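S.K.: Here it is: the structure, laid out below.
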Amino acid sequence: MTTTPDTLTVAIEDLNPYEQEVPPNSRAHIINPPMNTHIWEPGMETQEIADIARLTGQEVVALCGHRWVPKHDPAALDVCETCLALAHQMIGGTDDHA
Ligand SMILES: [Zn+2]
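Residue numbers for the sequence shown follow the numbering used here, beginning at 202 and rising by one.
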């Protein structure tokens with residue numbers, strides 16, 4: 202047993218659960234770290250950006266340019282098709298068969 206738990210993780214999980222009611226037109230947008238340098242630091246994963254934004258009420262910027270404060274579990278939402286297409290371009294290059 203350790204006496205120094207990860208307080209940041211504990212705080213996020215304890216204080217700020219996902220909101221359960223999802224607006225019907227919500228989409229899960231894909232966060233682009235370099236567009237969110239008010240939160241993002243090198244080495245930080247996009248999930249951490251979303252968690253910190255949710256915890257602190259800060260807006261994040263998606264690949265498609267959408268700005269919002271993450272409040273919902275993205276797994277419960279349909280993915281924004283514009284974000285998805287842009288992400289595929291960034292990851293897959295010219296490969297259309299990914
Ligand atoms: Zn989007």
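Every residue, glycine too, gets a C-beta built ideally from N, C-alpha and C. This structure is a prediction, so every number in the text was calculated from the model and none was measured.
Less than 8 angstroms between the CB atoms is what I'm expecting for I231 and C281, so what's the real figure, rounded?
M.R.: Going by Cβ atoms, the distance from I231 to C281 rounds to 7 angstroms, so yes, they are a contact pair.
S.K.: Does the beta-carbon of I292 have 16 or more other beta-carbons within 10 angstroms, so that it is buried, or is it exposed?
M.R.: Exposed: under 16 other Cβ atoms inside 10 Å.
S.K.: Helix, strand or coil, according to DSSP, for I232 in the structure here?
M.R.: In this structure, I232 counts as strand in the three-state DSSP scheme.
S.K.: Mind checking N233: buried by the 16 CB within 10 Å criterion, or exposed?
M.R.: It counts as buried.
S.K.: By a C-beta neighbour count over all protein chains shown, 10 Å radius and 16 as the cutoff for buried, is P218 buried or exposed?
M.R.: Exposed.
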